[in-house]
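Protein chains: 2
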Amino acid sequence: MNENQHPFDAAIALRPEGEGAWHGHTSPAYANMIGPFGGITAAQALNAVLQHPQRLGEPVAYTVNFAAPVADGPFLALARPARTNRSTQHWIAELRQGDQTVATATAVTAVRRDTWGATELAMPAVPPPPAVPRPLARGKVEWINRYEMRFVEGAYPPAWDGTHSEDSRTCLWLRDEPPRPLDFASLTALADVFFPRIWRRRATRTPIGTVSMTVYFHAGGAQLARTGSGHLLGQAHAHGFRDGYFDQTAQLWNEAGDLLATSHQIVYYKE
Amino acid sequence: MNENQHPFDAAIALRPEGEGAWHGHTSPAYANMIGPFGGITAAQALNAVLQHPQRLGEPVAYTVNFAAPVADGPFLALARPARTNRSTQHWIAELRQGDQTVATATAVTAVRRDTWGATELAMPAVPPPPAVPRPLARGKVEWINRYEMRFVEGAYPPAWDGTHSEDSRTCLWLRDEPPRPLDFASLTALADVFFPRIWRRRATRTPIGTVSMTVYFHAGGAQLARTGSGHLLGQAHAHGFRDGYFDQTAQLWNEAGDLLATSHQIVYYKE
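These protein sequence lines map, in sequence, to chains U and E.
The opening position of the first sequence corresponds to residue 1 in UniProt numbering, with each subsequent residue numbered one higher.
The opening position of the second sequence corresponds to residue 1 in UniProt numbering, with each subsequent residue numbered one higher.
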């Protein structure tokens with residue numbers, strides 16, 4: 001690890017181990033309550049695809065399934081192209097610890113071409129990042145401190161007093177802390193930054209765990225590079241909560257109002 | 001094939017071929033312009049998981065990636081549990097034709113428990129199914145005739161004249177034709193029934209192909225059984241269209257207003 005390296009780059013670093021296999025290690029900088037922040041695990045598995053010498057094009061769709069708690073320590077990342085077409089490629093990836101699978105993933109990469117386009121869901125009109133204060137308190141878990149979050153709407157409940165809200169929406173400006181130029185790996189992790197929608201609804205710290213997350217990339221690498229280390233506006237809400245699982249749908253725009261990614265996840269909750 | 005069998009059951013039927021492998025066959029009843037309707041391919045791959053003797057619980061999340069055109073004819077469906085926990089299980093599945101992968105999939109199955117719940121996105125207020133007329137014309141492709149569709153809002157453009165619309169939303173009552181009791185496989189296919197959002201926006205039959213689709217199941221098998229062969233209200237819209245790919249987000253409720261599934265997909269378009 002390089003001392004000048006951004007903690008995100010250190011966290012997703014992979015060391016090749018033969019064809020389609022890499023060694024990685026969980027990062028204390030992205031620690032969650034138990035094990036790592038799911039967004040960093042997602043980025044690590046995607047990075048195996050990004051590092052693969054046979055990769056064609058850039059990520060368009062990515063799904064990661066959190067199969068088991070990731071233990072602090074080393075892991076093996078596996079990625080293989082299941083199908084390579086002329087301009088698209090389909091990937092299957094896994095993270096393993098010992099002889100156990102802790103995450104599965106699929107990705108679609110593609111060479112994108114210029115076409116007609118439109119952003120149907122415009123970025124909400126909100127005050128610019130400097131006009132939105134940052135929370136003063138450090139995060140209770142370490143990974144929170146790796147992100148700058150400026151809540152425009154739907155911040156953490158002011159008290160964990162069980163007050164019900166009918167609306168799970170959160171809207172915030174966010175970026176890596178310290179700032180880091182945006183790329184597919186960091187955008188993937190940023191798509192998982194939203195705190196659990198059920199906490200927003202119930203002001204109760206119900207134990208939760210994301211089971212599966214999908215990210216659709218609406219921007220190519222050049223557009224992410226143009227976004228640089230600027231803020232993203234992130235918005236998330238749920239559609240339904242039932243029998244131990246709720247969903248979350250999120251959108252991420254850059255400050256220029258370009259929709260960079262939409263993301264969806266389904267989350268286990270205890271009660 | 002049983003003559004009294006519903007065409008959907010005939011289409012997703014799988015014949016076991018050893019551990020975690022099944023023979024299947026495309027169905028002319030669900031033919032699309034070229035190859036089969038994606039929803040039936042999705043249901044076939046899910047059915048391999050559903051048929052697996054080691055399956056634990058019911059589907060909660062399912063992602064299928066359409067890796068290549070499916071040729072009319074036989075296929076092999078493969079499914080393996082990548083991880084089995086106490087109450088959740090993670091699956092990797094593939095459809096193969098010859099030695100080529102034509103679809104990859106992951107699924108999460110789980111034993112669901114009763115918890116606090118809420119439907120945050122209420123079913124839109126719309127006229128009941130009998131009050132909404134069915135299109136008179138037969139579908140141009142065969143699979144369309146396997147679904148009853150009553151468009152409440154956002155039907156096919158009245159003319160393919162390139163008129164732009166700012167809104168991609170479609171809302172319709174839908175069910176199998178002939179009616180069939182709802183289950184996880186048919187709900188998966190129903191989540192793919194919406195015609196391409198880009199046709200809705202541009203009134204132009206741009207060539208398209210779904211690349212990846214995710215379904216989150218908000219209901220268990222008992223609730224699907226209670227829904228029976230009643231209508232579902234389906235609603236879909238896009239967030240963004242850019243450089244050859246657009247997304248679609250959909251919700252499906254039963255007539256009682258229970259949110260049964262949310263679904264997302266990313267779709268290739270040519271120009």
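No residue lacks a Cβ here, since even glycine has one placed at the ideal position from N, Cα and C.
This one's a predicted model, so the numbers in the text were calculated from it and none came from an experiment.
Return the CA-CA distance between residue 115 of chain E and residue 168 of chain U, expressed in angstroms with no decimal places.
Residue 115 of chain E sits at position 115 when you count from the first residue of the second sequence. Residue 168 of chain U sits at position 168 when you count from the first residue of the first sequence. So the alpha carbons of these two residues sit roughly 18 Å apart.
Could you tell me which chain U residues have their CB closer than 7 Å to the CB of residue 114 of chain E, listed as they occur along the chain?
One-based indexing of the second sequence puts residue 114 of chain E at position 114. Result: 243.
Which class does residue 248 of chain E belong to by DSSP, given the choice of helix, strand or coil?
For the purposes of this step, residue 248 of chain E is taken as the residue at position 248 of the second sequence. In this structure, residue 248 of chain E counts as strand in the three-state DSSP scheme.
Are the CB atoms of residue 62 of chain E and residue 60 of chain U nearer to each other than 8 Å?
Position 62 of the second sequence, counting from 1, holds the residue named residue 62 of chain E. Position 60 of the first sequence, counting from 1, holds the residue named residue 60 of chain U. Contact: no.
Whole-angstrom Cβ separation of residue 193 of chain E and residue 174 of chain E, contact assumed at under 8 Å?
Indexing the second sequence from 1 puts residue 193 of chain E at position 193. Indexing the second sequence from 1 puts residue 174 of chain E at position 174. With 8 Å as the limit, residue 193 of chain E and residue 174 of chain E qualify as a contact, their Cβ atoms being about 6 Å apart.
List the endpoints of the continuous beta strand (DSSP E) containing residue 65 of chain E.
Counting from one through the second sequence, the residue named residue 65 of chain E turns up at place 65. Run containing residue 65 of chain E: 58 to 66, per the beta strand (DSSP E) assignment.
For residue 267 of chain E, which of E:195, E:183 and E:149 has the nearest alpha-carbon?
Position 267 of the second sequence, counted from the start, is the residue given in the question as residue 267 of chain E. Of the candidates E:195, E:183 and E:149, the one whose C-alpha sits nearest the C-alpha of residue 267 of chain E is E:195.
Backbone secondary structure at residue 181 of chain E - three-state DSSP
Here residue 181 of chain E is taken as the residue at index 181 of the second sequence, counted from 1. Looking at residue 181 of chain E - three-state DSSP - the assignment turns out to be coil, as it is neither helix nor strand.
Residues that residue 55 of chain E contacts on chain U, provided the C-beta gap is smaller than 7 Å
Position 55 of the second sequence, counted from the first residue, corresponds to residue 55 of chain E. Residues of chain U passing the Cβ test: none, with the nearest at roughly 15 Å.
Could you give the residue range of the alpha helix (DSSP H) that holds residue 202 of chain E?
On the second sequence, position 202 is the one that residue 202 of chain E refers to. Counting along the chain, the alpha helix (DSSP H) containing residue 202 of chain E begins and ends at 197 to 202.
Distance between beta carbons of residue 260 of chain U and residue 214 of chain U, contact taken as under 8 Å
Along the first sequence, read from residue 1 onward, the residue named residue 214 of chain U stands at position 214. Along the first sequence, read from residue 1 onward, the residue named residue 260 of chain U stands at position 260. Not confirmed; about 15 Å, so no contact.
Please list the terminal residues of the continuous alpha helix (DSSP H) segment that includes residue 8 of chain E.
Here residue 8 of chain E is taken as the residue at index 8 of the second sequence, counted from 1. Start and end: 7 to 12.
Name the DSSP beta bridge partners of residue 123 of chain U, please?
The count along the first sequence starts at 1 and reaches residue 123 of chain U at position 123. Answer is none; residue 123 of chain U lacks a bridge partner.
Consult DSSP for residue 211 of chain U and reduce its assignment to one of helix, strand or coil.
Taking the first residue of the first sequence as position 1, residue 211 of chain U is located at position 211. Strand, per DSSP.
Looking at the C-beta of residue 231 of chain E, does it have a partner C-beta in chain U at a distance below 8 Å?
Taking the second sequence and counting its residues from 1, the one referred to as residue 231 of chain E is at position 231. Not one chain U Cβ lies under 8 Å of residue 231 of chain E.
Minimum C-alpha distance to residue 14 of chain U - residue among U:235, U:48 and U:81
The count along the first sequence starts at 1 and reaches residue 14 of chain U at position 14. Closest by alpha carbon: U:48.
Is the beta carbon of residue 26 of chain U sitting closer than 8 Å to the one on residue 70 of chain U?
Stepping through the first sequence from its first residue, residue 26 of chain U is reached at position 26. Stepping through the first sequence from its first residue, residue 70 of chain U is reached at position 70. A contact, by the Cβ cut-off of 8 Å.
Are residue 29 of chain E and residue 7 of chain E touching if we call contact CB-CB under 8 Å?
If you number the second sequence from 1, residue 29 of chain E lands on position 29. If you number the second sequence from 1, residue 7 of chain E lands on position 7. In this structure, residue 7 of chain E lies closer than 8 Å to residue 29 of chain E by Cβ.
Flag this pair as yes or no: are the beta carbons of residue 247 of chain E and residue 265 of chain E separated by less than 8 Å?
Position 247 of the second sequence, counting from 1, holds the residue named residue 247 of chain E. Position 265 of the second sequence, counting from 1, holds the residue named residue 265 of chain E. Going by C-beta atoms, residue 247 of chain E is nearer than 8 Å to residue 265 of chain E.
Measure the C-alpha to C-alpha separation of residue 159 of chain E and residue 136 of chain E and round it to an integer number of angstroms.
Within the second sequence, residue 159 of chain E is the residue found at index 159, counting from 1. Within the second sequence, residue 136 of chain E is the residue found at index 136, counting from 1. When rounded, the distance between both Cα atoms is 16 Å.
Beta-carbon neighbours of residue 104 of chain U, restricted to chain E and to distances below 7 Å:
Locating residue 104 of chain U in the first sequence gives position 104, where the first residue counts as 1. Result: 82, 90, 92 and 106.
Where residue 4 of chain E sits in the DSSP three-state scheme:
Within the second sequence, numbered from 1, the residue matching residue 4 of chain E stands at position 4. Of the three classes helix, strand and coil, the one that applies to residue 4 of chain E here is coil, per DSSP.
By how many angstroms is the C-alpha of residue 83 of chain U removed from the C-alpha of residue 58 of chain U?
Here residue 58 of chain U refers to the residue found at position 58 of the first sequence. Here residue 83 of chain U refers to the residue found at position 83 of the first sequence. Each residue's alpha carbon lies about 15 Å from the other.
To which residues of the same chain is residue 75 of chain U closer than 6 Å at the C-beta, ignoring the five residues directly before and after it?
Position 75 of the first sequence holds residue 75 of chain U. Answer for residue 75 of chain U: 24, 95 and 97, listed in chain order.
Determine the extent of the beta strand (DSSP E) in which residue 265 of chain E is found, giving its start and end residues.
If you number the second sequence from 1, residue 265 of chain E lands on position 265. It spans 259 to 269 - the beta strand (DSSP E) in which residue 265 of chain E sits, taken as one unbroken run.
So, residue 31 of chain E versus residue 142 of chain E, is the Cβ gap smaller than 8 Å?
As a working mapping, residue 31 of chain E is identified with position 31 in the second sequence. As a working mapping, residue 142 of chain E is identified with position 142 in the second sequence. Closer than 8 Å, so yes.
Measuring CA to CA, which of E:122, E:155, E:121 and E:123 is closest to residue 134 of chain E?
Here residue 134 of chain E refers to the residue found at position 134 of the second sequence. The residue with the shortest Cα to Cα distance from residue 134 of chain E is E:155.
Helix, strand or coil for residue 49 of chain U, going by three-state DSSP, please let me know.
Locating residue 49 of chain U in the first sequence gives position 49, where the first residue counts as 1. Of the three classes helix, strand and coil, the one that applies to residue 49 of chain U here is helix, per DSSP.
Name, please, each residue of chain U whose Cβ falls closer than 8 Å to the Cβ of residue 120 of chain E.
What you label residue 120 of chain E is simply residue 120 of the second sequence in a count that begins at 1. Residues of chain U passing the Cβ test: 166, 167, 168, 201, 237, 238, 239, 240 and 241.
Distance CB(residue 181 of chain U)-CB(residue 225 of chain U) smaller than 8 Å
Along the first sequence, read from residue 1 onward, the residue named residue 181 of chain U stands at position 181. Along the first sequence, read from residue 1 onward, the residue named residue 225 of chain U stands at position 225. In contact: residue 181 of chain U and residue 225 of chain U (Cβ atoms closer than 8 Å).
Consider the C-beta atom of residue 93 of chain U and the heavy atoms of the ligand GDP; say whether any pair is separated by less than 7 Å.
Summarising the ligand content, the structure contains no ligands, and the ligand GDP is consequently not present.
Since residue 251 of chain U meets chain E, which of its residues come closer than 7 Å, beta carbon to beta carbon?
The residue given as residue 251 of chain U occupies position 251 in the first sequence. What residue 251 of chain U touches in chain E: 239.
Kindly indicate which residue of U:242, U:251, U:52 and U:263 has the alpha-carbon position closest to the one of residue 120 of chain E.
For the purposes of this step, residue 120 of chain E is taken as residue 120 along the second sequence, with counting starting at 1. Out of U:242, U:251, U:52 and U:263, U:242 has the C-alpha closest to the C-alpha of residue 120 of chain E.
Using only CA atoms, which one of E:254, E:271, E:211 and E:270 lies nearest to residue 65 of chain E?
In the second sequence, residue 65 of chain E corresponds to position 65, counting from 1. Here the closest residue by C-alpha is E:211.
Use the C-beta contact count for residue 163 of chain E: other C-beta atoms within 10 angstroms, 16 or more gives buried, fewer gives exposed.
In the second sequence, counting from the first residue as 1, residue 163 of chain E sits at position 163. So residue 163 of chain E ends up on the exposed side.
Shortest alpha-carbon distance to residue 184 of chain U belongs to which of U:4, U:128, U:35 and U:109?
Residue 184 of chain U sits at position 184 when you count from the first residue of the first sequence. Among U:4, U:128, U:35 and U:109, the Cα nearest to that of residue 184 of chain U is on U:109.
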